[in-house]
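**Student:** Read left to right, the sequence shown gives residues 9 to 224 (the numbering used here). For each residue, glycine too, the CB sits at the ideal point set by N, CA and C. Computed from a predicted model, the values in this text were never measured in an experiment.
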Amino acid sequence: MKLYHGSKSGIKGQIKPDLSRSMCDFGIGFYMGDRPEQPKGLIAGWETHRFYEMEFEADGLKIKKFGDTYDEQLDWALYIAYNRKPEWYTDYKQLCDRYNSYHQEYDVIIGLIANDKMFQLLERFYGGTLCDKALIDGLSRVKLGNQYVLKSQTACSTEHLRIVSERQMNDEERQAVLAQSNNRAFQISGLIGELQRRYRRAESVRFFDEIMEEWN
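This is the structure in structure tokens:
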């Protein structure tokens, strides 16, 4: 399958799973997306950027894919919180064990992209101003595609991953990407307000802290 990767200064040497920051959505790994817009948006502000088309072969790899059921989407949201805000999980040993096992057991983790714009939505959920139903409604309407995160050196090997092309975006393309990103942020801000109004008095809803207690 064809996937896309953006780098602020280019890939140097062998692709490895341990070069990213630890507090990314799915922890340390080599990140790719199934749509080009997301990685382009991450690197458009950097003069030294490189945009890559990759060919990825998943056969034989152990894969965790977050689905679109209620429980799978909550699992995705809690897993992102675990990686981005690990201090929240100090008193939640079972959840820590669950998400540590994801890091240890899988070669690849696949799930919705949660870029900085999407994180506006997640922050409201984590902060208790959006309920579970509002979050899932919002996720169904924000179409950023999926991220594929390679967690093992086996998944990063040339047997499974190869660079098809590498290039820089021209100025016109970069400006278009940045404008699209800003517009997306504006759209999500409007969506959050709509969701807060729609679910303000909804029945049978749960909030982040309640879900943490229940899942632990």
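For residue 40, verify whether its CB is less than 8 Å away from any heavy atom of the ligand ZN.
**Tutor:** This structure does not include the ligand ZN; it has no bound ligands of any sort.
**Student:** For residue 108, name the three-state secondary structure that DSSP assigns.
**Tutor:** The sequence position of residue 108 within the sequence shown is 100, counting from 1. When DSSP states are grouped into helix, strand and coil, residue 108 belongs to the helix group.
**Student:** Go through the segment 131 to 185 residue by residue and report every complete run of the beta strand (DSSP E) that reaches 3 residues or more, in order.
**Tutor:** 154 to 158, 169 to 175
**Student:** Kindly indicate the opening and closing residues of the alpha helix (DSSP H) around residue 58.
**Tutor:** As a position in the sequence shown, residue 58 is number 50, starting the count at 1. Not the alpha helix (DSSP H): residue 58 falls in the beta strand (DSSP E), residues 58 to 64.
**Student:** Look at residue 116 and residue 70 and say whether their C-beta atoms are less than 9 Å apart.
**Tutor:** In the sequence shown, the residue the question calls residue 116 occupies position 108. In the sequence shown, the residue the question calls residue 70 occupies position 62. Yes, these two residues count as a Cβ contact at 9 Å.
**Student:** Report yes or no: do three or more beta-carbon pairs, one from the segment 138 to 147 and one from the segment 20 to 38, lie closer than 8 Å?
**Tutor:** Counting Cβ pairs under 8 Å, fewer than three are found: no touch.
**Student:** With 16 other CB atoms within 10 Å as the buried threshold, where does residue 26 fall?
**Tutor:** Taking the first residue of the sequence shown as position 1, residue 26 is located at position 18. It is exposed - the Cβ of residue 26 has fewer than 16 other Cβ atoms within 10 Å.
**Student:** Using C-beta distances below 8 Å, list every residue in its chain close to residue 189, excluding the 5 sequence neighbours before and after it, in chain order.
**Tutor:** Taking the sequence shown and counting its residues from 1, the one referred to as residue 189 is at position 181. Here the set comprises 49, 52, 125.
**Student:** Can you give the Cα-Cα distance for residue 168 and residue 191, rounded to whole angstroms?
**Tutor:** Position 160 of the sequence shown, counted from the start, is the residue given in the question as residue 168. Position 183 of the sequence shown, counted from the start, is the residue given in the question as residue 191. Taking the straight line joining both Cα atoms gives about 35 Å.
**Student:** Which residues in the same chain as residue 89 place their Cβ atom closer than 7 Å to its Cβ, once the five residues preceding and following it in sequence are excluded?
**Tutor:** Stepping through the sequence shown from its first residue, residue 89 is reached at position 81. Only 96, 134 meet the Cβ criterion.
**Student:** Just curious, the beta strand (DSSP E) that residue 215 is in, first and last residue?
**Tutor:** Your numbering for residue 215 matches position 207 in the sequence shown. Residue 215 -> no beta strand (DSSP E), and no H or E assigned at all.
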